[in-house]
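Novice: Would you mind keeping the following structure in view while I ask a few things?
Numbering (this note's numbering), first residue to last: 618 to 1402.
Below, the structure written as structure tokens:
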């Protein structure tokens, strides 16, 4: 009787105070993997929209629909959550259905909260018991095999400052009796945040919600398993504690990327998995100029516009059904004193959605931005990753959806910038869900033994060709048409190309797609994951290192080598600068303790204090780097040098600027490697011997070196990880950040700088990493200052 009276009181109070209400519509005529713009499905590949219901197709822990367009505030008042739940699986286990409240991430952003946020759960456990936080009914209030029901959770403030929460489950079948459970002692600090509608095969961590919320709340385990699946429909969130945010909806059109090569505009629009045959339209300056189908795997619409006039800014819209995405195409930066290019790579999502970094990069006012690989990592967004069947000749759309879910986070961070300036995006190993990969010209990896290092060492791709092509289209589809567009083995697409933009003649390479896998070519080295386990190969002398350069070993492959030679021979008319973009530097430029047999030790290495230097770090043989095979590395360096170009790369998680050498040091082109955006693998460069012929006053780790394959390099600046004592340590101590290039029209010089994540022209820290900026004359390959 008390519970019934409380329910009537709550509902009566809600009616006059229900200032805000959100009730997302799930269209009943749409069947697709995407639920809708108001929710983020965790994980997307485990949900489908079917007949007006969000159906959980694959069982696992913490499967949920996080509501984006509303949140619970700390304002006083009431709230009410409701949803229908209908069983799909067989049940059993120790999971639950219901709600999660107060979802908060680590970076005070709704996107972070939707994906990584934690709070407390309230609902019905698989044994039929009701619970709200750590408070649980003594006996099951429903039979273990739960039928279709509507579940509501209401909250009412009390005079003692706490909240009373009531959970009500009403069977949807005729004649069913509503069951109720009350927790009258909920501290108000637990309620603010996002809410999620949950189907979890794993139990929630009991939360003592009578007490103030702690700074960290334990998450629910996400492992797959069981057959605890439900369909959710008719969700709503109402009450005076609710703030609505319709601007936070995400989809169906997510973001755009574009290039303007001479007078050809190529623009791609990334979609949610709408799975529709209806074409999208591109409207520029109020006129529809192109239409494009949405690729059924990559969910990308690719527009090509010939004879595009880029002399002035051009507003545009991508249109599909009744949805629109707006942007502005930038005018060619031909009148500015300098052209500025930002470059980034390696984002493990620590710091997502990277608001300080996005702000700092944007404040540099770049005219072009380049993302040079590892826009995702396998753990990004949680819930593991999917490769599809071990027989990777078979396409599995869930594997592609898993990739897309992770890649959508990249666009969620950078979409506003990408909508208004041209960009380069290149996939690297983690983008195709590899720790390392050697593409072998499009071969499919052998996954018969495992899907880890053994498969990688076999060479080729672990994903199916169709999934790899989806990765390529999402990331590189906006680039100019490939220089040689014929697919590689197994029909895997290529993207190496040239791009002439605003006086910049760019060559864009894929430095892994055609690279040979070393394991089969060097059996005595006993290579595992690219690292020789035979100690004799760990410390090669010049003769032994050159013996690694076996006949037939490939780096760029004949097609890209031919392209690079042609590009070097034929500068674009009117070009002032020449740049080469690829994933990794043409060197093996990081160090490890002498006893280490692979870089698996890197995450556990102590981060040194400024001024410290490890006693026994040496330059190692790492076949993942592009110092091997040496003759093909030398070919690439020679052509880039002959083109009088600068090489921009990423991959190594270590910001560095240096000059390549061939027969002698300081005879080749310069390179700059961007720091990682976020870094769980903080590589370092501390050769114990120190560099020769260092500039006066420069650190020991600069100067002339031979890398592990005895390639000549001269290092001028490194953003090594150092313990700064500043918090958060992962954004201060792991040498994370971005690259900024300034191309001076008057002199033709290029100024390079690697900047910390939290530094920018309008930030508290306004300086690049120590050792930068560095200015070179690319025509002479000489340092100016």
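Note that CB positions come from ideal geometry on N, CA and C, so glycine has one too.
Smallest Cα separation from residue 1297: which of 1271, 1320, 1369?
Specialist: 1271
Novice: Mind checking whether residue 808 and residue 698 have CB atoms under 8 Å apart?
Specialist: no
Novice: What are the complete beta strand (DSSP E) segments, minimum 3 residues, inside the region 974-1060?
Specialist: 985-988, 1040-1042
Novice: Would you grab the beta carbon distance between residue 657 and residue 867 for me? Rounded to a whole angstrom, and I think it's under 8 Å.
Specialist: 7 Å
Novice: Which of helix, strand or coil does DSSP assign to residue 633?
Specialist: For residue 633, the predicted structure reports a pLDDT of 41, less than 50, and the residue's modelled location is therefore unreliable. A value from the coordinates is still provided. Three-state DSSP puts residue 633 in a helix.
Novice: Under 8 Å: do the region 1093-1112 and the region 928-939 share three or more Cβ pairs, one atom per stretch?
Specialist: Cβ pair count under 8 Å is below three, so no.
Novice: Going by beta carbon distance, what residues of the same chain come within less than 6 Å of residue 1395, once the five residues before and after it are set aside?
Specialist: If we look at residue 1395 and ignore the five residues flanking it on each side, its Cβ neighbours are 1261, 1263, 1367.
Novice: Excluding five sequence neighbours on each side, which residues of the same chain lie with their C-beta closer than 7 Å to the C-beta of residue 1226?
Specialist: Within the same chain, residue 1226 has close Cβ partners 1339, 1340.
Novice: Look at the alpha carbon of residue 794 and the alpha carbon of residue 1045, and state the distance between them as a whole number of angstroms.
Specialist: Between the alpha carbons of residue 794 and residue 1045 lies a distance of about 56 Å.
Novice: Evaluate contact between the region 1343-1355 and the region 1184-1204, counting only Cβ atoms and requiring at least three cross-stretch pairs below 8 Å.
Specialist: no
Novice: Answer with buried or exposed for residue 785, where buried requires no fewer than 16 other C-beta atoms within 10 angstroms of its C-beta.
Specialist: buried
Novice: Out of 1337, 1193, 1253, 1234, which one is the CA nearest neighbour of residue 1363?
Specialist: 1193
Novice: Going straight from the alpha carbon of residue 1092 to that of residue 919, what length do you get?
Specialist: 12 Å
Novice: Is it the case that the Cβ atoms of residue 715 and residue 768 are separated by a distance below 8 Å?
Specialist: With contacts defined as CB atoms closer than 8 Å, residue 715 and residue 768 qualify as a contacting pair.
Novice: Helix, strand or coil for residue 1363? Go by DSSP, reduced to three states.
Specialist: coil
Novice: DSSP state of residue 1100, grouped into three classes?
Specialist: Of the three classes helix, strand and coil, the one that applies to residue 1100 here is coil, per DSSP.
Novice: With distances taken from CA atoms, which of 1209, 929, 1282 is nearest residue 1306?
Specialist: The candidate whose alpha carbon is nearest that of residue 1306 is 1209.
Novice: Taking residue 1144 as the reference, give the member of 1376, 1215, 648, 1355 with the closest Cα.
Specialist: 1215
Novice: I'd like the list of long-range same chain contacts for residue 1378, defined as Cβ closer than 6 Å, with 5 residues on each side in sequence excluded.
Specialist: 980
Novice: Evaluate contact between the region 1116-1132 and the region 869-882, counting only Cβ atoms and requiring at least three cross-stretch pairs below 8 Å.
Specialist: Per the Cβ contact rule, the region 1116-1132 is in contact with the region 869-882 (3 or more Cβ pairs under 8 Å).
Novice: Roughly how many angstroms lie between the CA atoms of residue 1162 and residue 1325, to the nearest whole one?
Specialist: 8 Å
Novice: Unbroken alpha helix (DSSP H) runs of length 4 or more, entirely within the region 1115-1180: which are they?
Specialist: 1135-1138, 1159-1164
Novice: Does DSSP put residue 1369 in a helix, in a strand, or in coil?
Specialist: Reduced to three states, the DSSP call for residue 1369 is strand.
Novice: Give the DSSP-derived three-state secondary structure of residue 1326 in the structure shown.
Specialist: coil
Novice: For the region 763-778 against the region 733-745, do three or more pairs of beta-carbon atoms, one drawn from each stretch, fall closer than 8 Å, so that the two count as touching?
Specialist: yes
Novice: Among 1070, 986, 758, which has the Cα closest to the Cα of residue 1050?
Specialist: Comparing Cα positions, the closest option is 1070.
Novice: Rounding to the nearest angstrom, what Cα-Cα distance links residue 641 and residue 852 in this structure?
Specialist: 7 Å
Novice: Out of curiosity, what's the CA-to-CA distance linking residue 871 and residue 1037?
Specialist: 14 Å
Novice: Ignoring anything shorter than 3 residues, give me the beta strand (DSSP E) runs that lie fully in the region 702-733, in order along the chain.
Specialist: 713-721
Novice: Quick check: the region 1126-1137 against the region 1198-1208, are at least 3 beta-carbon pairs closer than 8 Å?
Specialist: yes
Novice: Decide if residue 1218 is buried, meaning its Cβ has at least 16 other Cβ atoms within 10 Å, or exposed.
Specialist: exposed
Novice: Could you give the distance in angstroms between the alpha-carbon of residue 885 and the alpha-carbon of residue 931?
Specialist: 16 Å
Novice: Using beta-carbon positions only, say whether residue 1328 and residue 1249 come within less than 8 Å of one another.
Specialist: no
Novice: Return yes when the Cβ of residue 639 is within less than 8 Å of the Cβ of residue 861, no when it is not.
Specialist: Cβ atoms of residue 861 and residue 639: closer than 8 Å.
Novice: Give every residue of the same chain whose Cβ lies closer than 6 Å to the Cβ of residue 681, excluding the five residues on either side of it in the sequence, and list them in chain order.
Specialist: 659, 813, 815
Novice: Assess, as a yes-or-no matter, whether the region 1049-1063 is touched by the region 1002-1020 under the definition of 3 or more beta carbon pairs within less than 8 Å.
Specialist: yes
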